[in-house]
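Here the sequence shown is numbered in my numbering, starting from 23 and rising by one per residue.
All C-beta atoms in this analysis are idealised placements derived from N, C-alpha and C, irrespective of residue type, glycine included.
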Amino acid sequence: MQARQTSPRQPALFVPHGSPLFALAPGAAGAAMAGLANVMAQPRAVVIVSAHWDTTIPTVGFAERPETIHDYYGFPPELYRLNYPATGCSEVAEELVQAIDAAGLPVARSATRGLDHGAWIPLRIMFPDADIAVVPLSIQSRGGPKAAWQLGRSLAPLTARGILVVGSGNLTHNLADFRFGASSGATDVPAYVRRFADWFGDRLAAGDTAALLDYRRQAPEAMRAHPSEEHLLPLFVALGAAGDEPYASRLHAGIDDHALAMDIFAFEPGAPA
């Protein structure tokens, strides 16, 4: 697919993908994501950064028709029948490679990478017609928040060219707590989930990037909120893609499945008008 020729500057977004069941029951977070997509200017293309594509160095997907990857097990059969018929865009993929390289970061290409559930589920909710070109970009969990933020910084020039950068993860992601809720039917929310999510929202609103990058030490119960970091790193990519002194808007705050914070953030450069 050719990238669209004209499009205004795009924000960068962080959206949740929840559990795979989010595809079947998107709830309030899904409604907020769909509503956001409906009011945004249509981008030239979407760069999707999923927590579920983790590589040693930043890798850009060049597949012409990225497959829908059902990278989960033990879920209802209808989840495995879902398909997102996305089209890639080599033009935008090459722009990504050049931008990452220009920032002095290593970069690789993948000719075959498809869209894992962290990518296609939010895309299917936001752009159900699959009429916007999609380019996947990997995270590097070994690099932590700073490397993810620096990767995002390399993408900042692309947002001015109408390319929408979307980080897909969850603001909290403790699989043990999620599974406890699923198996026990617990309806209470562990206190750390809201404390951690609100700390992040407050630090983002304050523009305190230094504290955010040091969240592992500063945020309340950070290790419980994220025993591993991969589901939070796409937020740092999106934050970096907004450039200098980004302004963060918290567009939705909610909790699904006992322990998954489903917050949505939009990041734009500079202060609000």
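At the C-beta level, alanine 241 and phenylalanine 218 come within 7 Å of one another.
The stretch 140-147 and the stretch 65-77 touch, with three or more beta-carbon pairs separated by less than 8 Å.
In chain order, Leu226, Ala227, Phe287, Phe289 place their CB closer than 7 Å to the CB of alanine 270, counting only its own chain and leaving out the 5 sequence neighbours on each side. By the Cβ criterion, the stretch 272-286 is in contact with the stretch 191-199, since at least three pairs of Cβ atoms, one from each stretch, lie closer than 8 Å. Each residue's CA atom was taken as its position, placing glycine 110 and proline 212 some 40 Å apart.
If you check the CB distance, methionine 55 and valine 68 do not come in under 7 Å. The Cβ neighbour count for serine 176, taken over all protein chains shown within 10 Å, is at least 16; the residue is labelled buried. Straight-line measurement puts the Cα of histidine 92 at about 23 Å from the Cα of alanine 53. Within the same chain, Arg225 come within 6 Å of leucine 234 by CB-CB distance, once the 5 residues on both sides are set aside. In its chain, beyond the 5 residues on either side, Gly40, Ser41, Phe200, Gly203, Ala204 have a beta carbon closer than 7 Å to the beta carbon of aspartate 279. Residue range 139-148 is occupied by the alpha helix (DSSP H) that includes isoleucine 147. Burial state of alanine 50 is exposed, judged by a 10 Å Cβ sphere holding fewer than 16 other Cβ atoms. Within its own chain, the residues whose Cβ lies closer than 8 Å to the Cβ of proline 179, once the five positions on either side in sequence are excluded, are Ala121, listed in chain order. DSSP places glutamate 89 in no alpha helix (DSSP H); its state is neither H nor E.
By the neighbour-count definition (other C-beta atoms within 10 Å, threshold 16), tyrosine 106 is a buried residue. Residue pairing for leucine 282: DSSP places it in a beta bridge opposite Asp278. By the neighbour-count criterion, in which 16 or more other beta carbons inside 10 Å mark a residue as buried, alanine 133 falls on the exposed side.
DSSP places isoleucine 185 within a strand segment (E or B) once states are collapsed to three. For aspartate 230, the number of other beta carbons within 10 angstroms of its own is below 16, and it is reported as exposed.
Secondary structure note for leucine 159: its beta strand (DSSP E) is the uninterrupted segment 155-161. Taken atom to atom, the span from the alpha-carbon of arginine 103 to that of glutamate 267 is near 43 Å.
The DSSP-derived three-state label of glycine 174 is helix.
DSSP assignment within the stretch 33-69 yields the following whole beta strand (DSSP E) runs of 3 residues or more, N-terminal first: 34-38. If you draw a 10 Å sphere on the C-beta of asparagine 60, you find fewer than 16 other C-beta atoms in it, and that means exposed.
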